[in-house]
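Peer 1: Protein chains in written order, with our numbering: chain A, 2 to 638; chain B, 12 to 257; chain C, 75 to 508.
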Amino acid sequence: MNLISKDDFNDFVNALIKDESWNVIGVKAKGSKFAFGPLESASELRLDYDVTLLPPKKYFFPQRETLFTYNLAGGFSAKNPAEAKPTVIIGVHPYDIVALFHMDEIFRETKSDPYYFKKRESSIIIGINIQKMSKWNFSTYMGAATVDYGYDLMLTDLGNRYSISVGSKKGGDLLAKYAKNVTGALARDIQLVGQKKREIFNMAQQKLEFPPELIPEMLKKTYEESGFWEEHSEKCLACGSCVLVCPTCYCFDVKEETDLSLEQGERIRTWDGCLLEDFAKVASGENFRATRPTRYRHRYFKKGKYLFDKFGFISCVGCGRCSSNCLPEIANPVNLFNDMYRETNITGTQMAATTPEVNIHTEGNIDYVPKLATIVKKVTMTANETLFEIRLDDNAELGHKPGQFVEVSVFGIGEAPISLSSSPTNKTSFEICVRKLGNVTTKLHMLQVGDKVGIRGPFGNGFDVNFLKGKNLLFVAGGLGIAPLRSLFNYVLDNRKQFGHVSLLYGCKEPRELLFGEEMEALVQRPDVEYRAAVNWCPDGEAWTGSIGVITTLIPQVSFDPQDIYAIICGPPVMYKYVIGDLKARNVPDDHIIVSLERRMKCGVGKCGHCQINQIYVCKDGPVFNYSKIRGIPEAL
Amino acid sequence: MQKPRVAFFDFAGCEGDQLQVANLEEDILALLGQVDVVSFREVMKEQSDQYDIAFVEGSCTRLLDEERLKQIRKNAKIVVALGSCAAIGGINCIRNYKDLEEVRRTVYGDQAKLFDTYAARPIDAVVKVDAYVYGCPITKEEFLQVVKSLLLGKKPDIPTYPVCVECKKNENVCAFERGQNCVGPVTRAGCNSCCVNEGTICWGCRGLVDNPNENSHKEVLIKYGLTVDDAIGKFKLYFGWQEAKR
Amino acid sequence: MNDMNIDIHHVTRVEGHGNIYVNVKKGIVEKCEWQVPEAPRFFEAMVLGRQWNELHHVTSRICGICSIGHTLASLKATEAAMGITISDQDLKLRKLALHGENMQSHVLHLGFLVLPDLLGVGSVIPLASSNPQEVKTLLRLHRLANEMSNLLCGRTTHPQRLIPGGFSKIPSMKELVTLRKKLQAAIPDLQAVAKLVKALAGKLPNFTRETEYIALTSPDEYALYDGQLASTDTGKAPVNEYLSFTNEYVVPRSTAKWTKHNRESYMVGALARFNLNYDKFSPWTKQVADMFGFKPVCYNPFMNSVAQLVETVHSVEDCIKIIGELENDGLKTQPDYFKPEIKVKAGRGVGAVEVPRGILFHDYTYNSKGVCTKANCVIPTNQNHANIDLDMKALVPTLLNKSQKEVELACEMLVRAYDPCISCSTHYATVHFV
């Protein structure tokens, strides 16, 4: 441990400021509060602060960030934003340091986010032990009031001097280069630091009435208690304040902006929040978390259960920002969890969830920049649906698995997730079936053969074709659900001998909404496929020789051994309950039922939060799910 | 391809939103590269009844205004409500809560009967509106975003969340923490919390969000020291028409 | 002598709507009227029952162009009613704000509304292709004026920073110094515009009618923010006696009220200010007026536009001077989100401010709780309507040997010369055929 006088510390900071190769950030006063901001002089520093308005995550995951710029004129070009300037952030409290640790794991998991890490790697964190604690702070309960890691330098205020713990080589080098008169700490200083750290534990004014390890199990027990959630969320203004100031929140939205020439633009990401009304709304208008109680509950579950199940930590550091910013005073986790503790009446013996097996692996970087592709064929199938055949401009194979999806960009408008509709057997191009619904799909319908689009992906888990080989398959497609199923179905037909008995049940509202009409008719002729179709009704003047009725009326017409059949289902949200119900009535086991689900997917890689159903991300853990795994997930079906 | 023809109209308003269009400065030239302005009474002598997009500023405050509005709707493919007076009724709605007879007498004395008026209302109370640019005044950025969206054939991206989102992103100290009060939590965002950024509060000029929790916010206002009447009064400043509808 | 039948509804290139209605039969002017049938706004009723700290926010919405002026007049009235004084520094900053508004409005008027007439085109839009340099110069000046307003007030239309007792946020000295540099750099642009107007000045009709002019006046400076009332006919009076000057009355064919003082009408605006306060201009500013042989008292309403040009030059010069004073005194900073402590009490106050179009009055009465119980606003354009009407009545007979189109243009140019802001009272007109 080292020592530096406060005057020498100020000189150190001023020396950094003077050296223009550094961005020097520190805690300053703002009105009656505090905020991290650029320093023009060390005299602006307020290291005696209690909490900043926004956490330092804004320097690594900014409120608004350009993912790439594009220029359509004279050939397409996309540029990733520039390198991050080296930054020193002075005055970070331990709970914010712990929060950055959480964020690091989250942004590294599966696909690493280079935008975040570029900034993380080029910055130096100078932490300081808490001197004043806000009355909402409960970091002492969350193990985040003091910290032994995660900083490059850590200060403790000892009156006329600071003690400095060096946490990394970067930190030590910075100190050596810019600071003068740094001495070694004496024993009395080390004892004083210990005393200061102990005092922090007396500062907490919030009181959690139980050990926080109980939280995941408590939450599990309370999920269905709608009365509890309704009562606590009644006053919610859906203002998003609680999540926007949170150091461990990371949901974001992705938008497209153009200039007046309409040829140049950029794709940006901005902070978003699950408490906001339209967070889980999709283009068709359906909102998967439309009510205040469901959104309010989701936040606590994400922090206290879903992230715990995945990473083994409760994703809350107790900084208290959410509580202090909530005008109707309903966002305080301490109050909520104390209430929950009283209601669930859980005791110490019943309770702490076992810390899960955590396996964080990284498979390379997320790529936010699409690849350029060309429309090579366009077939209008119905009034609202068009089939596009697309080839990547670099002639690479998309290399997708059946059941995956791509993010299709129409530059200037935006990006939309569309299921792949073709089998990967065709390596030179792929097909997507697009329903005209929102901005991107409407514009896509106006494009012609030869026009350019952007493609990212393929994303999602896809069907496990190897597992399905040799099995008897029952495909159940409702409406547009045929589009993603077709990618697997055609793969099966391409490799017919490798699969057992194959049936396809296809239901639509009326005959003119039938997709892939010619292909379907050809199926009728095939002896190695059992194909049945039904429409809800057949208006006058339309020809229809198949069944009339909802799709479930076709299920009794298929004979199968329930132990020996695998059902693969895709259709509108309302359909699943009935189809699965009918299958289960015929004793089909849960793990023989496979579904493909839809949600609003923006990043495609399980980060932005929009497609999240309870603890799973549809884009990453799905869209294909085994029913036995999601049966217990309330928001799924 | 012919550039879309654009026309500007005004009803009962202060013309501040049209001034924001004039305040585009050099961007006006870029804008003229994408559209033809065929009617803009404030800056042009020429007029035309042949236009594709009509921007309408100001509220409808008289029966005789309705005729003119309906004609504009007939002529235009797209009608855009420009500014809060046209979009939500704006500040003109304050007087809807007063006895209109009394109002006319206060201003015009015993000649009041010569001046016809009825409850001020947004233009969508009279005609169908295709897009909205909220704000008192509008911001140039949002105006351009709506124009670009219309040109690109996409739905303009107007927030459905409240001003608090932008205020927090801008790291403002909440008005309530400063001993003031604010209707940001129930007001539609999209202005980038510009008024709080300038050191004051949100007055609600962009109108209510789609599903505001009004009772909760009125309770907040009262908790922070307003009387019940004052809290109700705050909602009457810009939300007069929207609240009456709810 | 031609028979003429002129009805111009929605006079173009003015704020708001007005009608011109002329009928000439056999060389006799049977009817010559200026009508203002605009949708009434009823602001004086809307503010009743609202709080003292809300009025400036509401009355700002009377006008989008003179927002800063309305807000300042409103604040002055409230501050007068409650005995609130503002600091010297805030006074200087408010003067800068008002200059910004004047500059923005005058440049817009000259460049976008008047210039097309002098160049024989319908609007500034074709000028963007035919005279790109001039249009870019005007846009640059207009943008600079807006930048100034944004810096001082937050934004030009409905300025947020102007609050009772001062400012919620003030610029830094660094920002003011940068502004000063930009103002200094704008001088060549100003000179170019002056030359342009001079080259076209011959197109302005040579029409005069002896008129009473009313404006603020001050012994210390060219009065815009503070001063006493002054009339070219009757001399000075305190602002509190404004009612004896304005004498508003209702006219059937106008939803805007009209005014009169010593004569049947009077004029306010840049020309009125020029005529009353010319001696307060610096020699440098007077040089610009000399280019046109322009000296007080000038009775030609068309010269109002030239008076605006001279005022713009003065504004730029005065802003540079004020910023210099702030620099010398040192700019006192204030906390973020500043809100002056105000002791609320009952009272009545009148705030008068010169806005681009003329003198503006706000008059409020508050009860002890700070609630407004009475309000009166007299808008500059209200005060000009009668004068426009009488000017038109005097102008038309002198033009009877011209074509109907020429007479129409002359009448429209007359109205435009006043730079009326009819939306502050009403707008929109209907066709009236004789």
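The beta carbon of each residue, even a glycine, is placed where N, CA and C say it ideally should be. On a predicted model such as this, the values are computed, not experimentally measured, just so you know.
Using beta-carbon positions only, say whether SER70/B and GLY27/B come within less than 8 Å of one another.
Peer 2: As a first step, residue 70/B is located in the second sequence; it is residue number 59 there, counting from the start. As a first step, residue 27/B is located in the second sequence; it is residue number 16 there, counting from the start. Contact flag unset, no.
Peer 1: Since GLY164/B meets chain A, which of its residues come closer than 9 Å, beta carbon to beta carbon?
Peer 2: Here residue 164/B is taken as the residue at index 153 of the second sequence, counted from 1. At a beta-carbon threshold of 9 Å, the residues of chain A lying near GLY164/B are ILE414, ASN440, THR443, LYS444, MET447, ordered along the chain.
Peer 1: Taking CB distances under 8 Å as the criterion, tell me whether ASN326/A reaches chain B.
Peer 2: Against the first sequence, residue 326/A aligns to sequence position 325. Yes, because at least one Cβ of chain B sits closer than 8 Å to the Cβ of ASN326/A.
Peer 1: For ASP529/A, which residues from the same chain have a beta carbon less than 8 Å from its beta carbon, with the 5 sequence-adjacent residues on both sides left out?
Peer 2: On the first sequence, position 528 is the one that residue 529/A refers to. So the list reads ARG497, VAL503, once near-sequence residues are dropped.
Peer 1: According to DSSP, simplified to helix, strand and coil, what is GLY640/A?
Peer 2: A question about residue 640/A goes unanswered here, because the residues of chain A that appear run from 2 up to 638.
Peer 1: Which of helix, strand or coil does DSSP assign to ASN79/C?
Peer 2: Numbered from its first residue, the third sequence carries residue 79/C at position 5. Strand at ASN79/C.
Peer 1: Pull up the CB-CB distance for THR381/A and THR387/A, whole angstroms please, since I reckon it's below 8 Å.
Peer 2: The count along the first sequence starts at 1 and reaches residue 381/A at position 380. The count along the first sequence starts at 1 and reaches residue 387/A at position 386. In this structure THR381/A is in contact with THR387/A, their Cβ atoms being roughly 5 Å apart against a cut-off of 8 Å.
Peer 1: Assign THR504/C to one of two classes, buried (16 or more other C-beta atoms within 10 Å of its C-beta) or exposed (fewer than that).
Peer 2: Here the question's residue 504/C lines up with position 430 in the third sequence. Reliability fails at THR504/C, whose pLDDT of 22 lies under 50, so the model's placement of it is uncertain and the value that follows must be treated cautiously. It is exposed - the Cβ of THR504/C has fewer than 16 other Cβ atoms within 10 Å.
Peer 1: TYR258/B and LEU209/A: beta carbons closer than 8 Å?
Peer 2: This structure leaves residue 258/B out entirely; chain B is present only between 12 and 257.
Peer 1: Which of the three DSSP states, helix, strand or coil, is assigned to GLN58/B?
Peer 2: Here residue 58/B refers to the residue found at position 47 of the second sequence. The answer is coil: DSSP assigns GLN58/B none of H, G, I, E or B.
Peer 1: Could you tell me whether the Cβ of PRO245/C comes closer than 8 Å to any Cβ of chain A?
Peer 2: For the purposes of this step, residue 245/C is identified with residue 171 of the third sequence, where counting begins at 1. No, no contact with chain A.
Peer 1: By how many angstroms is the C-alpha of THR363/A removed from the C-alpha of TYR116/A?
Peer 2: For this step, residue 116/A is matched to residue 115 along the first sequence. For this step, residue 363/A is matched to residue 362 along the first sequence. Approximately 15 Å between the Cα atoms of the pair.
Peer 1: In whole angstroms, what is the alpha-carbon distance linking ILE39/B and ALA145/A?
Peer 2: Residue numbering aside, residue 39/B sits at position 28 when the second sequence is read from its first letter. Residue numbering aside, residue 145/A sits at position 144 when the first sequence is read from its first letter. Rounded to whole angstroms, ILE39/B to ALA145/A spans 53 Å at the Cα level.
Peer 1: I'd like to know whether the C-beta of ALA142/B is nearer than 8 Å to at least one C-beta of chain A.
Peer 2: Along the second sequence, one-based indexing puts residue 142/B at 131. Not closer than 8 Å to any Cβ of chain A, the Cβ of ALA142/B fails to qualify, so no.
Peer 1: Does at least one heavy atom of the ligand NAP sit under 7 Å from the Cβ of ILE212/B?
Peer 2: Ligands are entirely absent from the displayed structure, and the ligand NAP is therefore not among its contents.
Peer 1: Should TYR287/C be labelled buried (16 or more other beta-carbon atoms within 10 Å of its own) or exposed?
Peer 2: Counting from one through the third sequence, the residue named residue 287/C turns up at place 213. TYR287/C sits buried, since 16 or more C-beta atoms from the chains shown fall within 10 Å of its C-beta.
Peer 1: Taking the continuous beta strand (DSSP E) assigned at ASN93/C, which residues delimit it?
Peer 2: Translated into positions along the third sequence, residue 93/C becomes position 19. ASN93/C: member of the beta strand (DSSP E) spanning 93-99, first to last residue.
Peer 1: Classify SER6/A as helix, strand or coil using the three-state DSSP reduction.
Peer 2: Within the first sequence, residue 6/A is the residue found at index 5, counting from 1. Residue state, collapsed to three classes: strand.
Peer 1: Give the single residue among VAL489/C, ASP164/C, LEU303/C whose Cα lies nearest to the Cα of THR407/C.
Peer 2: As a position in the third sequence, residue 407/C is number 333, starting the count at 1. Out of VAL489/C, ASP164/C, LEU303/C, ASP164/C has the C-alpha closest to the C-alpha of THR407/C.
Peer 1: To which residues of the same chain is GLY185/A closer than 8 Å at the C-beta, ignoring the five residues directly before and after it?
Peer 2: What you label residue 185/A is simply residue 184 of the first sequence in a count that begins at 1. For GLY185/A, same chain residues with a beta-carbon under 8 Å away, outside a window of 5 residues either side, are MET2, ASN3, LEU4 in chain order.
Peer 1: For VAL283/A, which three-state DSSP category applies?
Peer 2: On the first sequence, position 282 is the one that residue 283/A refers to. Here VAL283/A sits in coil by DSSP.
Peer 1: Going by CA-CA distance only, name the one from CYS612/A, GLY607/A, LEU638/A that's closest to GLU595/A.
Peer 2: As a position in the first sequence, residue 595/A is number 594, starting the count at 1. Here residue 595/A is Ile; the residue named in the question, Glu, does not match the sequence. For ILE595/A, the nearest C-alpha among the options comes from LEU638/A.
Peer 1: Of all the beta strand (DSSP E) runs that stay within the bounds of the region 50-113 of chain A, which reach a length of 3 or more residues?
Peer 2: The region 50-113 of chain A contains these whole beta strand (DSSP E) runs: 65-72, 78-80, 88-93, 111-113.
Peer 1: Taking 8 Å as the threshold (C-beta atoms), are THR72/B and TYR129/B in contact?
Peer 2: Within the second sequence, the letter at position 118 stands for residue 129/B. Within the second sequence, the letter at position 61 stands for residue 72/B. Going by C-beta atoms, TYR129/B is nearer than 8 Å to THR72/B.
Peer 1: Return the chain-ordered list of same chain residues with a C-beta closer than 7 Å to the C-beta of LYS7/A, the five sequence neighbours on each side being excluded.
Peer 2: Counted from its first residue, the first sequence places residue 7/A at position 6. For LYS7/A, where only same-chain residues beyond five positions count, the Cβ hits under 7 Å are ASN161, ARG162, TYR163.
Peer 1: For the alpha helix (DSSP H) holding CYS609/A, just list the boundary residues, first then last.
Peer 2: By 1-based counting over the first sequence, the position of residue 609/A is 608. That residue, CYS609/A, is in no alpha helix (DSSP H); it is neither H nor E in DSSP.
Peer 1: Using the Cα positions of CYS446/A and SER124/A, report the straight-line distance between them to the nearest angstrom.
Peer 2: Numbered from 1 along the first sequence, position 445 holds the residue referred to as residue 446/A. Numbered from 1 along the first sequence, position 123 holds the residue referred to as residue 124/A. One point to set straight first is that residue 446/A is His, not Cys, in the sequence displayed. Taking the straight line joining both Cα atoms gives about 45 Å.
Peer 1: For the candidate residues GLU519/A, LYS222/A, ALA535/A, GLU122/A, whose alpha-carbon lies nearest to that of LEU506/A?
Peer 2: The count along the first sequence starts at 1 and reaches residue 506/A at position 505. Of the listed residues, the one whose Cα sits closest to LEU506/A is ALA535/A.
Peer 1: Quick one: which chain B residues come within Cβ less than 8 Å of ASN220/C?
Peer 2: Locating residue 220/C in the third sequence gives position 146, counting from the first residue. Neighbours of ASN220/C on chain B, chain order: ASN34, GLU36.
Peer 1: On the three-state DSSP scale, how would you describe ILE237/C?
Peer 2: Residue numbering aside, residue 237/C sits at position 163 when the third sequence is read from its first letter. If DSSP states are grouped into helix, strand and coil, ILE237/C belongs with the strands.
Peer 1: Quick check: what's the CA-CA separation for LEU201/C versus LEU163/B?
Peer 2: As a working note, residue 201/C is residue 127 in the third sequence. As a working note, residue 163/B is residue 152 in the second sequence. Taking the straight line from one Cα to the other gives about 28 Å.
Peer 1: Can you say whether TRP332/C is buried or exposed, counting buried as having 16 or more other CB atoms within 10 angstroms of its CB?
Peer 2: What you label residue 332/C is simply residue 258 of the third sequence in a count that begins at 1. The residue in question, TRP332/C, is buried, as its Cβ has 16 or more Cβ neighbours within 10 Å.
Peer 1: Taking a Cβ distance cut-off of 8 Å, strictly less, list which residues of the region 404-422 of chain C are near chain A, in chain order.
Peer 2: PRO409, ASP410, TYR411
Peer 1: To which residues of the same chain is LEU350/C closer than 7 Å at the C-beta, ignoring the five residues directly before and after it?
Peer 2: Locating residue 350/C in the third sequence gives position 276, where the first residue counts as 1. These residues qualify, in order along the chain: TYR287, ALA289, THR291, ALA304, THR306.
Peer 1: Check whether the Cβ of MET120/C lies closer than 8 Å to any Cβ atom in chain B.
Peer 2: Along the third sequence, one-based indexing puts residue 120/C at 46. Closer than 8 Å to some Cβ of chain B, the Cβ of MET120/C qualifies, so yes.
Peer 1: Chain C partners of GLU209/B, CB-CB under 7 Å?
Peer 2: By one-based count along the second sequence, residue 209/B stands at place 198. Simply GLY228, GLN234, ARG235, SER242, LYS243.
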